[in-house]
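One structure is given below, encoded as structure tokens.
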Amino acid sequence: FAEHARRKRRKDWMASIYSSNLTPSQIVNGERECSREEDPSDADDFFRPKGASERKDDELDRTKEILSLESLREWENESTLDSLRSAFITGDHAPADGV
Amino acid sequence: MASVISYSGHQYLRQRLVLSILSGKPVRIDKIRSEHENPGLTDYEVSLLRLLEKVTNGTVIEISVTGTAVLLKPGVITGGSVTHDCPLSRAIGYFLEPLVMLGPFSKKPFYLTLRGITTDQDDLSADLIRTVTLPHLQLFGISEGLELRIKSRGAPPGGGGEVQFLCPVVKQVKTLNFVESGKIKRIRGIAHAVRVSPQFSNRMIDAARSVLNRYIPDIYLYSDVYKGEESGKSPGYALSLLAESTTSAVHCAEAVSQPGGTPEDVALLASRALLSEIRQGGCVDRKHQCLVLLMMVLGSEDVGRCRMGEPTVRTVQFLRDIRDFFGTSFKIVPANPSDPSCAELMYSCYGTGYVNVNRTLA
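So the protein sequences, as listed, match chains A and B.
Residue numbers for the first sequence follow my numbering, so the first one is 8 and each next one is one higher.
Residue numbers for the second sequence follow my numbering, so the first one is 1289 and each next one is one higher.
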């Protein structure tokens, strides 16, 4: 069901950007919450830093996002690290081996 | 006179000023921090307005007495040799990012000297602008003579850095058709440490390698050394990383020293942020979505297409602002409709056929 809801929402990018009154952060974060539900292991890690960065985003016209070790903690996890292997030329086959 | 486009609030000031100057439509922004303790424009925003005044001719900027409203009637982008001292409240990147968007459409090529802070945690550092932002312009046929020289570095709070931005003038930008994101083939990085032990660079490089080496052997992290006067007035260090794909899509990330932090922390932050960025997918880095979308709108009268990750908050507002100034809406559809797990999107638009009328005919 979450997958379905996400797909539905994803198709609405144009509608939410051009013909809704939602603020940009509502549009983007609504979407982000959706993708987070699919990955419950990350749920606790995400909440605090997100609130903090949102507030500061409001304050400053900044290009880089605020980085914190907490929000990037998922990368301590081996399986998360391995999941990205297919994005590299070295990881075309068998994404789990060759550490 | 063209009708004035109005906005409220201090957010997204830079992009609105840029769009106003490029489109030739005046913009009025009111309620700038009218509810804040320190109402009105900040020193760096005023400084940016002054800088825009310097690189244009005939621009009229009216700031209300309280500083909470500003009206900009754009003139002609003239470029040429301009020097500007950036206030130490924001890094040079804050000023350079909008100017990168204006530079190609100037009357004379930009030869801009900016002084201040070269790397901080809010804006793109001089390193990222040189290694990532400028190559993005090359996608649109803006390349010959495009250069950013880092003459000296300046870490916050003291600054003392200086960069030179050289930008050629084009008649028109090319239509973009960038739909294959490819696979990451190499990772490059620049570590620098000023007014601290030069060992810090090496420590950052070692720590970043410990994260990234598992993916790919082609990693070259350069330790950039600046000494004496060239290293600015304050101590600081940072690591800028970029990942390049087989189709030359570039993703980047950067982390800057924090009080009490270690070089290893900085390297871990930068490396993990780079991995997050790569996972977003697409052909364009999130920090450069706006630049690419703008150039697509200004492209020749043809359909430009680009595959990117989900838009950021800034990008969403930028898309809305583009429609206000140019009347162009993007078509945004899932890049891979058959695969629901793929969050990448295809952005396409019909270029406005923007022609640089400022350019002096050779």
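Backbone N, C-alpha and C define an ideal beta-carbon position, used for all residues, glycine too.
Rounded Cβ spacing between residue i and residue j (contact assumed at less than 8 Å)
| i | j | result |
| --- | --- | --- |
| B/G1520 | B/S1413 | Their Cβ separation, rounded to whole angstroms, is 13 Å, which puts B/G1520 and B/S1413 out of contact at 8 Å. |
| B/D1318 | B/T1356 | 7 Å |
| B/V1499 | B/L1586 | In fact, because the Cβ distance is near 38 Å, the residues do not count as touching under 8 Å. |
| B/I1405 | B/A1443 | 7 Å |
| B/L1563 | B/E1542 | Wrong, their Cβ atoms sit about 13 Å apart, outside the cutoff. |
Residues that residue i bridges to, as DSSP identifies them
| i | result |
| --- | --- |
| B/D1512 | B/H1480 |
| B/N1280 | The question about residue 1280 of chain B has no answer here: the residues shown for chain B are numbered 1289 through 1650. |
Element boundaries [alpha helix (DSSP H), containing residue i]
| i | result |
| --- | --- |
| B/Q1568 | 1551-1568 |
| B/D1627 | B/D1627 -> no alpha helix (DSSP H), and no H or E assigned at all. |
| B/I1317 | Looking at the DSSP string, B/I1317 is not in any alpha helix (DSSP H); the run it does join, the beta strand (DSSP E), is 1315-1318. |
| B/V1306 | 1301-1311 |
Own chain residues within Cβ distance below 6 Å of residue i, not counting five before or after
| i | result |
| --- | --- |
| B/L1359 | R1316, E1350 |
| B/S1308 | V1315, L1360, P1362 |
| B/S1617 | R1611 |
| B/N1345 | G1363, V1364, T1366 |
| B/F1428 | V1461, K1462, M1583 |
| A/D46 | For A/D46, the predicted structure reports a pLDDT of 44, less than 50, and the residue's modelled location is therefore unreliable. A value from the coordinates is still provided. Around A/D46: no qualifying Cβ. |
Cβ-Cβ distance between residue i and residue j below 8 Å
| i | j | result |
| --- | --- | --- |
| B/Y1642 | B/Q1460 | yes |
| B/T1371 | B/T1401 | yes |
| B/A1479 | B/L1436 | no |
| B/P1456 | B/I1430 | yes |
| B/S1489 | B/S1511 | yes |
| B/G1477 | B/A1496 | yes |
| B/D1411 | B/P1375 | no |
| B/Q1577 | B/P1547 | no |
| B/L1579 | B/L1607 | no |
| B/V1538 | B/P1392 | no |
| B/R1502 | A/L76 | no |
| B/V1621 | A/P31 | no |
Residue span of the beta strand (DSSP E) that contains residue i, given as start and end
| i | result |
| --- | --- |
| B/T1401 | 1396-1404 |
| B/S1528 | 1524-1533 |
| B/S1294 | 1293-1296 |
| B/A1541 | 1538-1544 |
| A/L88 | Not the beta strand (DSSP E): A/L88 falls in the alpha helix (DSSP H), residues 85-90. |
| B/Q1452 | 1449-1455 |
| B/V1458 | First-last for B/V1458: undefined, no H or E at that position. |
Chain-order list of residues whose beta-carbon lies under 8 Å from that of residue i (same chain, five-residue window excluded)
| i | result |
| --- | --- |
| B/P1386 | R1302, Q1303, L1305, V1306, L1336, L1340 |
| B/P1327 | I1320, R1321, T1354, G1355, T1356 |
| B/Y1382 | R1302, Y1332, L1336, C1374, D1410, D1411 |
| B/I1566 | I1472, A1531, H1539 |
Residues of its chain near residue i, where Cβ-Cβ distance is below 7 Å and the 5 sequence neighbours each way are ignored
| i | result |
| --- | --- |
| B/S1533 | S1469, G1470, K1471, I1472, K1473 |
| B/R1595 | F1466, V1467, S1469, G1570, C1571, A1623, E1632, M1634 |
| A/V35 | none |
| B/Q1409 | V1544 |
| B/R1491 | P1551, E1552 |
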